[in-house]
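In what follows, a structure is listed as structure tokens, so that the remarks can point back to it.
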Amino acid sequence: MLDRFCRIVILVFAAGFLITSGWAASFTASLDRDSIALGEQATLSLKFDGVQPQDAPGIPNIPGLQFQYVGPSSSFSFINGQTSSSITYNYIVSPQHDGEFVIPGMRADVNGQQLASSPLKLIVSKVNAPSAAAVNAGDEVAFLKFEFPKNKIYAGEAEVGQLELYLRDDIQNFGNFQLTGTPTDGFSPGKIAELQSQRRRVQVGNRVYTVIPLAVPLTAVRTGSLVLGPFTASVVVVLPSQNDGGDPFFRQFFNQGQQKQVTLATDPVSVESLPLPEKNKPANFTGAIGNFTMTATAGPTNVTVGDPITVRVQISGSGSLDAITLPPQDAWRDFKTYPPTTKLNTSDQFGFQGTKTFEQIISPQNADVYELPALTFSFFNPEDGQYHTLTQPSMPLVVKAAGATPMPTIAANKNSAPENQTPQDILPIKDNLGKLATKSSPLVAQPVFLVAQAVPVLAFVAAFVWRRRTDSLANNPRLRRQRAVTALIASGMDDLKKYAAANQPDEFFATLFRLLQEQLGERLDCPASAITENVIDEHPVLRGAPAATLQTLRELFQLCNQARYAPVRGTGELNSVAAQFEKTIPGFQEMKA
Amino acid sequence: MKTQIHSSEREFAQIKRKLEPTYGGCYRFSILLLALVWAGNLFAADVAADFSTANRLYADGKFSDAANAYGKILQTGGQSPALLFNDANAEFKSGNLGKAIAAYRRAGLLAPRDSEIRANLDFVRNQVQGPTVRESRWQEWLGQLTLNQWTLMAAGAFWLLFLLLAARQIRPTLGPKLKSVTTMLVTLTILSGAVLGLQAENHFSSQIAVVISAGATARSGPFDEAQSAFTAHDGAELSVLDRHDDWIQVADGSGKIGWLPVKQVEILPGA
């Protein structure tokens with residue numbers, strides 16, 4: 048009995064296990080749609096039932112189809128005691144061209160189980176631009192137009208085409224606009240940009256459309272018949288819901304609308320791309336196409352042989368600025384040239400208008416160079432179909448011989464910081480220690496320095512005092528005479544001693560008499576020649592003089608007079624007279640004049 | 244380096260032998276002078292060698308070692324703009340913004356018109372966070388010359404003026420001819436004297452503290468327990484307002500005032 052019960056329980060659990068674990072794990076591939084238009088996208092789902100792979104399975108490479116992994120989704124269900132689980136890996140499939148594509152069956156190895164999916168077929172139909180009748184009838188919710196301004200273009204010429212997205216006025220909203228095909232074979236496309244300022248509303252047929260223009264910059268890179276387009280795109284628009292139920296009043300507020308993906312296409316546009324004419328092509332033409340002007344400057348213009356001169360050439364205008372190169376200047380044969388640097392400043396969003404600046408370093412190689420030769424630049428103007436050559440006149444230069452000066456290096460000094468440029472790091476260390484100095488207090492705090500500043504002041508004070516004394520003397524003749532007499536007396540005393548020593552009484556007394564005359568004349572303010580012995584008694588000034596002084600004067604005058612009659616005297620007596628005179632002089636000088 | 248020393252010793256001995264019999268009484272003085280010059284040259288040779296060694300360390304990317312090597316040279320008392328500049332570079336590369344700024348500023352005081360010092364100082368200053376004190380425009384203008392250069396300019400104008408005045412006393416006839424020159428010199432003397440006064444005042448009266456530690460906390464009083472006033476980042480330059488023991492009172496560029504320990508800053512003259 049017990050064995051039977053156990054057997055039943057085991058069978059029930061075994062059956063449950065088999066049911067819940069799923070007998071057969073499966074792998075299914077499916078597409079949400081079998082047929083789509085070019086520009087639309089389909090969703091590929093890889094579903095695993097009962098098993099869970101560790102990673103999303105790889106998709107085989109299929110030319111013309113692009114797969115973008117979106118992510119997994121999983122489900123788990125328990126119905127009537129039966130459980131099931133599945134995981135689905137989702138991919139967006141974007142066709143690159145129309146046609147029939149086969150997604151082959153895929154294999155997956157999950158936990159040792161080999162699972163396989165069935166192949167899938169996807170039909171991608173070509174999208175055609177709507178007919179004019181359909182457009183005019185207002186049947187098209189949205190459509191796309193492409194316009195190119197020229198039907199003939201020169202290879203290398205740049206032009207801006209315009210894509211226009213037309214959205215009917217009943218579209219409540221739109222989004223997810225994607226250009227799915229931009230065939231521009233033979234052209235080099237630039238970045239497509241919306242021209243927001245040029246949005247407008249136009250009447251087409253009996254409906255109003257909002258036009259959203261997009262600029263497509265294109266540069267022809269090949270000659271021949273070129274075709275632009277058809278450009279294809281898809282956009283999701285929101286249209287009013289077709290549900291007419293409910294109150295119309297509330298419907299106008301709560302109508303959420305219905306989304307619709309619209310595939311768009313343009314008509315192809317044929318363009319004839321012409322080669323540049325060979326006739327009259329300038330020798331220095333380097334492929335610049337457009338309409339340009341040129342300015343050039345050079346500096347410095349006073350240099351030594353080998354010194355760098357910066358030639359700055361600015362080419363402004365419209366055209367393929369990117370393609371412009373500075374032509375080699377054959378006339379610069381006396382210069383060493385270095386590769387130019389370029390800077391492009393564009394004034395429009397497509398880079399077709401602006402200024403391209405070339406900075407070229409050149410250095411004269413000899414002192415015979417006297418000018419920077421004329422600079423030429425040629426371009427082809429597609430508007431008139433002609434080549435044009437711009438010439439910048441020669442610029443005078445003064446080039447001196449280098450002598451012993453070493454050739455300068457053109458490369459920037461490793462320690463120099465470029466101007467107007469944010470440095471990325473500090474400048475490197477210095478190799479040269481330079482002059483070492485010891486720390487000391489500033490000069491202005493050093494006493495020696497401060498004292499030294501008195502020197503010019505003292506010099507000035509000395510000069511000032513000297514000037515005052517000189518001026519004072521110049522304005523006082525008596526003082527001047529007094530000083531002259533003092534000097535004369537000083538030198539006369541030497542003469543007296545000399546004559547006394549030589550025993551020359553005549554010269555001695557003649558000198559003594561003259562000295563007496565000069566000294567008294569100065570004191571009495573009268574000519575020296577007017578002084579005689581009689582003056583001692585007659586002049587009022589001398590009357591007040593000390594008697595001893597007057598007596599000495601008399602004696603000296605008498606000795607001078609006696610010497611004329613009795614000239615022979617000894618050296619000793621002459622010395623005695625000289626000493627007496629010398630002793631008397633201070634008394635004379637102290638007399639009030 | 245050893246070769247250089249031996250060579251210098253040989254030269255010194257040779258000159259000593261030559262001088263001894265020739266100059267007799269002046270011999271001792273000459274020997275003393277020569278010894279001083281020789282010692283000076285030896286010192287310079289040592290410093291140059293150490294400088295090259297530090298440069299090599301820097302070139303090898305051993306910035307901290309290079310900074311230490313430059314620092315040792317600076318401790319000997321000698322300094323040059325290049326030495327301070329390289330020291331600052333090594334400190335910056337070692338991540339010490341404050342020490343780098345302090346060294347650049349010291350280098351700038353010696354060579355104020357050195358564009359490389361200015362460029363690197365500006366670059367490092369841009370790395371510093373938080374408010375910082377910057378020189379005013381007139382301080383920058385004054386800083387184009389060192390204090391000694393301003394002093395020499397003012398002294399030169401002063402000397403020229405008084406010597407000219409003395410010459411006019413000696414030769415009064417020069418007076419009318421030198422009138423415009425005298426006026427110019429009077430103006431120059433007054434102006435340069437005024438500028439010197441400003442610069443000297445800036446040098447002696449104002450000081451700048453450069454924070455050399457990361458995240459120094461300025462406190463409301465000169466003691467550790469005082470409340471935090473603000474945080475000064477490494478490299479911040481602050482005006483020194485006062486000093487109390489081992490604390491200095493500082494103000495940052497936004498006007499906040501606080502006290503910082505002296506060990507967290509490097510104090511530099513204002514000019």
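Protein sequence lines, in the order shown, are assigned to chains R and Y. Throughout, the numbering used here is defined as the position within the first sequence, counted from one, plus 47. Throughout, the numbering used here is defined as the position within the second sequence, counted from one, plus 243. Note that the Cβ used here is the ideal one computed from N, Cα and C, for glycine as well. In this text the structure is predicted, and so the values were computed from the model without any measurement.
Residue i versus residue j: straight-line alpha-carbon distance, rounded
| i | j | result |
| --- | --- | --- |
| Y:GLU378 | R:VAL491 | 22 Å |
| R:PHE399 | R:SER365 | 5 Å |
| R:GLN250 | R:TYR256 | 6 Å |
| R:THR270 | R:PRO329 | 21 Å |
| Y:LEU484 | Y:ILE510 | 12 Å |
| Y:ILE360 | R:MET341 | 40 Å |
| Y:PHE473 | R:GLY237 | 54 Å |
| R:GLY252 | R:ASP314 | 19 Å |
| R:LEU167 | R:ALA184 | 39 Å |
| R:VAL174 | R:THR227 | 11 Å |
| R:ILE408 | R:ILE371 | 18 Å |
| R:SER133 | R:GLN306 | 30 Å |
| R:SER235 | R:GLY304 | 40 Å |
| Y:ILE316 | R:VAL495 | 29 Å |
| R:PRO443 | R:VAL358 | 13 Å |
| R:PRO453 | R:THR351 | Interpretation of R:PRO453 is limited by its pLDDT of 40, a score under 50 that renders its predicted location unreliable; the figure taken from the coordinates is listed afterwards. The straight-line gap from Cα to Cα measures roughly 10 Å. |
| R:TYR116 | Y:ALA362 | 52 Å |
| R:ASP553 | R:LEU520 | 36 Å |
| R:SER488 | Y:PRO512 | 12 Å |
C-beta contact flag for residue i and residue j at 8 Å
| i | j | result |
| --- | --- | --- |
| R:LEU391 | R:LYS383 | no |
| Y:VAL367 | Y:ILE451 | no |
| R:GLY346 | R:ILE356 | yes |
| R:ASP232 | R:VAL274 | yes |
| Y:LEU395 | Y:LEU407 | no |
| R:THR485 | Y:GLY351 | no |
| R:GLU418 | R:SER441 | yes |
| R:SER367 | R:ALA205 | yes |
| Y:ALA310 | Y:ALA291 | no |
| R:SER124 | R:ASP96 | no |
Chain R within 8 Å of residue i, Cβ atoms only
| i | result |
| --- | --- |
| Y:GLN322 | yes |
| Y:GLU383 | no |
| Y:ARG362 | It should be pointed out that residue 362 of chain Y corresponds to Ala in this sequence rather than to Arg. For Y:ALA362, the answer is yes, since a Cβ of chain R falls inside 8 Å of its Cβ. |
| Y:PHE306 | no |
| Y:LEU481 | no |
| Y:ILE500 | no |
| Y:VAL505 | no |
| Y:ASN311 | no |
| Y:GLY513 | no |
| Y:ILE451 | no |
| Y:GLN412 | yes |
| Y:VAL290 | yes |
| Y:GLU509 | no |
| Y:ASP495 | no |
| Y:ASN339 | no |
Min CB distance residue i to chain Y below 8 Å
| i | result |
| --- | --- |
| R:ARG516 | no |
| R:ASN479 | yes |
| R:PHE511 | yes |
| R:THR631 | no |
| R:ILE8 | Missing from the structure shown is residue 8 of chain R; chain R here goes from 48 to 640 and no further. |
| R:LYS173 | no |
| R:ALA484 | yes |
Cβ-heavy atom distance, residue i to the ligand SAH, below 7 Å
| i | result |
| --- | --- |
| Y:ALA309 | This structure does not include the ligand SAH; it has no bound ligands of any sort. |
Contacts that residue i makes with chain R (C-beta to C-beta distance below 8 Å)
| i | result |
| --- | --- |
| Y:HIS446 | PRO489 |
| Y:LEU406 | PRO503, ALA506 and PHE507 |
| Y:PHE335 | ILE473 |
Contact set between residue i and chain Y, taken where Cβ atoms lie within less than 7 Å
| i | result |
| --- | --- |
| R:LEU603 | Simply none; closest approach about 43 Å. |
Amino acids of chain Y, ordered along the chain, whose beta-carbon sits closer than 8 Å to that of residue i
| i | result |
| --- | --- |
| R:THR389 | In chain order: nothing, as chain Y lies at least about 26 Å away. |
Beta-carbon neighbours of residue i, restricted to chain R and to distances below 9 Å
| i | result |
| --- | --- |
| Y:THR394 | PRO489, LEU490, VAL491 and PHE496 |
(message) Please give me, in chain order, every unbroken run of the alpha helix (DSSP H) with length at least 4 that falls completely inside the stretch 349–431 of chain Y.
(response) Listed in chain order, the alpha helix (DSSP H) elements of length 4 or more contained wholly in the stretch 349–431 of chain Y are 358–368, 380–385, 390–413 and 417–420.
(request) Please go through the stretch 120–185 of chain R and give each complete beta strand (DSSP E) segment of 3 or more residues, from N-terminal end onward. (result) Within the stretch 120–185 of chain R, the complete beta strand (DSSP E) segments of 3 residues or longer fall at 129–142, 146–150, 154–157, 160–163 and 167–172, listed in chain order.
(message) I'd like the ranges of any alpha helix (DSSP H) spanning at least 4 consecutive residues and lying wholly in the stretch 184–243 of chain R.
(response) Entirely contained in the stretch 184–243 of chain R, not one alpha helix (DSSP H) run reaches 4 residues.
(request) Can you check the stretch 359–386 of chain R for any beta strand (DSSP E) of at least 3 residues that lies completely inside it and give the ranges in chain order? (result) 382–384
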